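Student: Mapping of the sequence shown onto the numbering used here: position 226 corresponds to residue 423, and the numbering continues sequentially without gaps.
We treat Cβ as the ideally placed atom computed from N, Cα and C, and that holds for glycine.
Since we're looking at a predicted model, the values are computed, not measured.
Attaching a single structure in structure tokens format; questions to follow.
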Amino acid sequence: MSSERPTTTPRTASYEADPEQVHRVLLLYSGGLDTSVMLKWIQDEYDAEVVCLTVNLGQPGEDYEVIRDKAMRLGALDCLVVDAREEFAREYLVPAIKANALYGGGYPLFTALGRPLIAKLAVEHARAAACDTIAHGCTGKGNDQVRIEATVATLGPELKVIAPVRTWRMGREEEIAYAREHGIPIKTFSGQSGSETAPYSIDDNLWGRSSEGRWIEDLEHAPEDDVFQLVSRPEDAPAEPEQIELTFERGVPVALDGARLELVELIERTAAIGARHGVGIIDHIEDRIVGLKVRDIYEAPAAAIILPAHQELERLVCTIHQNQFKGQLDRQWAFLVYAGLWWEPLRGDLDAYMDRVNEQVSGTIGMKLYKGHARVITRSSANAVYDASLASFAESGGLFSQSAAPGFIELWSLQSRMAWRLRNE
Ligand code: ARG
Numbered sequence: 198m199s200s201e202r203p204t205t206t207p208r209t210a211s212y213e214a215d216p217e218q219v220h221r222v223l224l225l226y227s228g229g230l231d232t233s234v235m236l237k238w239i240q241d242e243y244d245a246e247v248v249c250l251t252v253n254l255g256q257p258g259e260d261y262e263v264i265r266d267k268a269m270r271l272g273a274l275d276c277l278v279v280d281a282r283e284e285f286a287r288e289y290l291v292p293a294i295k296a297n298a299l300y301g302g303g304y305p306l307f308t309a310l311g312r313p314l315i316a317k318l319a320v321e322h323a324r325a326a327a328c329d330t331i332a333h334g335c336t337g338k339g340n341d342q343v344r345i346e347a348t349v350a351t352l353g354p355e356l357k358v359i360a361p362v363r364t365w366r367m368g369r370e371e372e373i374a375y376a377r378e379h380g381i382p383i384k385t386f387s388g389q390s391g392s393e394t395a396p397y398s399i400d401d402n403l404w405g406r407s408s409e410g411r412w413i414e415d416l417e418h419a420p421e422d423d424v425f426q427l428v429s430r431p432e433d434a435p436a437e438p439e440q441i442e443l444t445f446e447r448g449v450p451v452a453l454d455g456a457r458l459e460l461v462e463l464i465e466r467t468a469a470i471g472a473r474h475g476v477g478i479i480d481h482i483e484d485r486i487v488g489l490k491v492r493d494i495y496e497a498p499a500a501a502i503i504l505p506a507h508q509e510l511e512r513l514v515c516t517i518h519q520n521q522f523k524g525q526l527d528r529q530w531a532f533l534v535y536a537g538l539w540w541e542p543l544r545g546d547l548d549a550y551m552d553r554v555n556e557q558v559s560g561t562i563g564m565k566l567y568k569g570h571a572r573v574i575t576r577s578s579a580n581a582v583y584d585a586s587l588a589s590f591a592e593s594g595g596l597f598s599q600s601a602a603p604g605f606i607e608l609w610s611l612q613s614r615m616a617w618r619l620r621n622e
């Protein structure tokens, strides 16, 4: 391989596009300010055609007709809207449930799970529409650029990437000015003062919603009520608790209160019940993979019910050894996915383990929801490694011999006792 390169070549990673390589772009389009400005800006700056792709992962309150119309009016060659909720639930949320996936002890990873799917769809549709480049709206400070570009570089190595927000050096005010100048409709957002403030930075899907920016960046600032757009404030939640039952088969939730439901519907209904009761608010300090420590406010009502229910059932059907071990793998799984390495073979290796353990995770968990809390109250499973008569305080026999306990204690503690004596005498 030659080490010579022309002096004019910009120093970019091999997957990042040089302007002369860009002819037709697949833009991941949300209809918001950044991606709308981008849609115009790419046509002007790169003299390229733009095909938009909007992915429905179950984010509430979107009107996809409006988004499509906006894209077409801004000069898109086409705007494809893909309903990927089913695939998201089956191929991304189910593995997350089986792995009890929480990053940093609290974040149920909804964004991190969505990005590899969005980027995979971008690769597929870029190829189908003969695009040479994929554009996305991530900034240079977040995790999402890593997740999207790692996916494109893995699945579509022939495709180039551009991330205009990372390079165009426009602030929000300049973007708004650009939008006005180019006839891009903008939604203005009024803060509490009535004057125009920057909105929260939001991302959401079936599994939860995140807010960043504004006062959230001030760690001493307690959450303001207007951030909660999905979950009721616990103070406003019903004064009556509600009990629900979730049934799992091989680790997958299949029924709510005894009624079998398709996965997407089950998650949506569970989210609605949780949201009503103020369940799933997470005020989270997070270590990003790009080095920053940040604060996020999450609303994840479905995850806040389904994950603890799953974990409880898993604990019931697994042995002490499996339970001691799996948490370590769960944490590794969550970190890989958070860190944008969805396609890393270790994730598949871990999934094989998760699937194997979850073969036993069938049964029903009852939960009580009340003013911001979801608490497990009942459990039942044919696979429970549990025998009420053995666990009972009443005199027992059979598999458990109480007279064997003193001998067990003597041997179990032997090394610890010897070491204690050596170090303390
Ligand atoms: N902190 C979360 C994560 O890294 C949420 C990111 C939300 N993304 C966004 N573009 N607003 O997964």
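1) Can the beta-carbon of GLY563 be found closer than 7 angstroms to that of ILE574?
2) Alpha carbon to alpha carbon, what distance is there between LEU547 and GLY353?
3) Considering ARG369, what are the terminal residues of the beta strand (DSSP E) in which it resides?
4) Please list, in chain order, all residues with a C-beta atom less than 7 angstroms from at least one heavy atom of ligand 1.
5) Using a Cβ-Cβ cut-off of 6 angstroms (strictly less than) and excluding sequence neighbours within five positions of HIS507, which residues of its own chain qualify?
6) Along the alpha helix (DSSP H) that carries GLU446, what are the first and last residues, could you check?
7) Grouping DSSP H, G and I as helix and E and B as strand, with all else coil, what is ASP423?
8) VAL487 to ALA347, Cα distance in whole Å?
9) Assuming GLU496 and PHE425 form a contact by the criterion Cβ under 8 angstroms, report the distance between their Cβ atoms to the nearest whole angstrom.
10) Taking the straight line between their C-alpha atoms, what separation do you get for LYS357 and ALA214?
11) Name the two residues that bound the continuous alpha helix (DSSP H) containing SER586.
12) Mind reading off the beta-carbon distance from LEU596 to LEU587? Whole number of angstroms is fine, and I expect it under 8 angstroms.
13) When burial is assigned at 16 or more other CB atoms within 10 Å of the CB, is ASP422 buried or exposed?
14) Do we get a CB-CB distance below 7 angstroms when we pair LEU489 with the residues of chain D?
15) Kindly indicate which residue of SER429, ALA319, ALA469, PRO361 has the alpha-carbon position closest to the one of VAL349.
16) Grab me the residues of ASP527's own chain with a C-beta within less than 6 angstroms of its C-beta, minus the 5 sequence neighbours each way, in chain order.
17) For ARG457, collect the residues of the same chain with a Cβ closer than 7 angstroms to its Cβ; drop the 5 residues on either side in sequence, then sort them by chain order.
18) So, does the segment 366-383 touch the segment 227-236, judging by three or more C-beta pairs under 8 angstroms?
19) Is the segment 509-516 close to the segment 461-473, with three or more CB pairs under 8 angstroms?
20) Counting only runs that start and end within the segment 495-524, where is the alpha helix (DSSP H) found for 4 or more residues in a row?
21) Given 8 angstroms as the limit, is there contact between the segment 272-288 and the segment 241-258, that is, 3 or more CB pairs closer than that?
22) As a quick exercise: from TYR535, PRO438, ALA616, ARG576, pick the residue whose alpha carbon is nearest that of GLY303.
23) Measuring alpha carbon to alpha carbon, tell me which residue in GLU409, TRP404, ASN402, GLY405 is nearest PRO396.
24) Would you report the Cα separation of GLY391 and HIS418, rounded to the nearest angstrom?
25) Going along the chain, which residues of its own chain have a beta-carbon closer than 7 angstroms to the beta-carbon of TYR583, five neighbours each way excluded?
Tutor: Concretely, from the data shown:
1) Yes; because the gap between Cβ atoms is below 7 angstroms, this pair is in contact.
2) GLY353 and LEU547: Cα-Cα distance of roughly 24 angstroms.
3) First-last for ARG369: 369-378, but that is the alpha helix (DSSP H), not the beta strand (DSSP E).
4) In chain order, the qualifying residues are TYR304, LEU306, THR308, ALA309, CYS335, GLY339, ASN340, ASP341, SER398, ILE399, ASP400, SER407, GLU409, GLU483, ARG485, VAL491, ASP493, TYR535.
5) The beta carbon of HIS507 lies closer than 6 angstroms to those of ILE294 in the same chain, with the five residues before and after it left out.
6) Note, GLU446: premise wrong, no alpha helix (DSSP H); beta strand (DSSP E) at 439-446.
7) Helix, per DSSP.
8) If you draw a straight line from the Cα of VAL487 to the Cα of ALA347, it is about 14 angstroms long.
9) Confirmed, about 6 angstroms.
10) Cα to Cα, LYS357 sits roughly 5 angstroms from ALA214.
11) Note, SER586: alpha helix (DSSP H), 585-588.
12) The C-beta separation of LEU596 from LEU587 comes to about 6 angstroms, placing the pair in contact by the 8 angstroms criterion.
13) Exposed: under 16 other Cβ atoms inside 10 Å.
14) In summary, chain D is missing from the structure at hand, where a single protein chain is found.
15) Answer by Cα proximity: ALA319.
16) Once the five neighbours on either side are set aside, the close Cβ partners of ASP527 are ALA296, ASN297.
17) The residues are VAL451.
18) Segments in contact, yes.
19) In short, these stretches do not touch, since the Cβ pair count stays below three.
20) Listed in chain order, they are 498-514.
21) At 8 angstroms Cβ cutoff, the stretches touch.
22) For GLY303, the closest C-alpha among the options TYR535, PRO438, ALA616, ARG576 is that of TYR535.
23) Closest option to PRO396, Cα to Cα, is GLU409.
24) Bear in mind that the predicted position of GLY391 carries a pLDDT of just 43, short of 50, making it too unreliable to give a figure here.
25) The residues are LEU513.
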